[in-house]
Amino acid sequence: MARTAASRTLSDGAFLREAQPGDEAGILACIQALADYEREPDAVENTAEMLAETLFGADPHAYCHVVERDGRIVGIALWFLTYSTWTGRHGIWLEDLFVYDTERGRGYGKALIAALAAVTVERGYSRFEWTVLDWNEPSIAFYRALGAEPMDEWTTQRLSGGALERVAALAP
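The numbering of the sequence shown is our numbering, which starts it at 89 and goes up by one.
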């Protein structure tokens, strides 16, 4: 992959950079590996074509930073913008953070989180948020070591599938 001006060389020669067209297969492989890790191997419906439109289409709605090592994407941070009505400013929602287990311990996850924190600060956004499965103790410990705070009083809610269809049918 071509190195962009925004590429940063990490201590071991890997590159942290914004995703670019041509990265879709590597990003999708990370998404699938994350689904496998999270015990949902059949949940991924995304495709390389869908990622291309989402990340690089005429009106991108999500963004991705990648860590590339030896020509291969070994880690991703896929994110999108949120908006706080209370602060009147945007924020970043980290949808997926993933580094292959064979690449962990090299600082890639921390570098990806730091890159998104820098985007948050540089753009004047008010917050940087994500969720983590309550059984994922290694990730929870990693986030706490960075200073992340749990939002225990908040519970994520979701409508999907048949429930989403039923509620949509209630629209006037």
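Glycine included, each C-beta is placed from N, C-alpha and C at the ideal position.
{"Asked": "Report yes if the CB atom of Glu156 is closer than 8 Å to the CB atom of Phe103, and no otherwise.", "Found": "yes"}
{"Asked": "Are His153 and Arg211 closer than 8 Å when you measure CB to CB?", "Found": "no"}
{"Asked": "For Met89 and Ala259, what's the separation of their Cα atoms in angstroms?", "Found": "Residue confidence is low: Met89 scores 45 on pLDDT, short of 50, so the model does not pin down where it sits. No coordinate-derived value is stated."}
{"Asked": "Should Asp111 go down as buried or exposed, given a rule of 16 or more other Cβ atoms within 10 Å for buried?", "Found": "buried"}
{"Asked": "Which stretch, first to last residue, makes up the alpha helix (DSSP H) that contains Arg254?", "Found": "Gly249 to Ala256"}
{"Asked": "Would you mind reading off the limits of the alpha helix (DSSP H) that contains Val220?", "Found": "From DSSP, Val220 is part of no alpha helix (DSSP H); its letter is neither H nor E."}
{"Asked": "Can you find a heavy atom of the ligand GTP that lies under 7 Å from the Cβ of Gly101?", "Found": "Of ligands this structure carries none, so the ligand GTP is not represented either."}
{"Asked": "Which class does Ala233 belong to by DSSP, given the choice of helix, strand or coil?", "Found": "helix"}
{"Asked": "Any idea which residues DSSP pairs Gly163 with across the strands?", "Found": "Val155 and Val187"}
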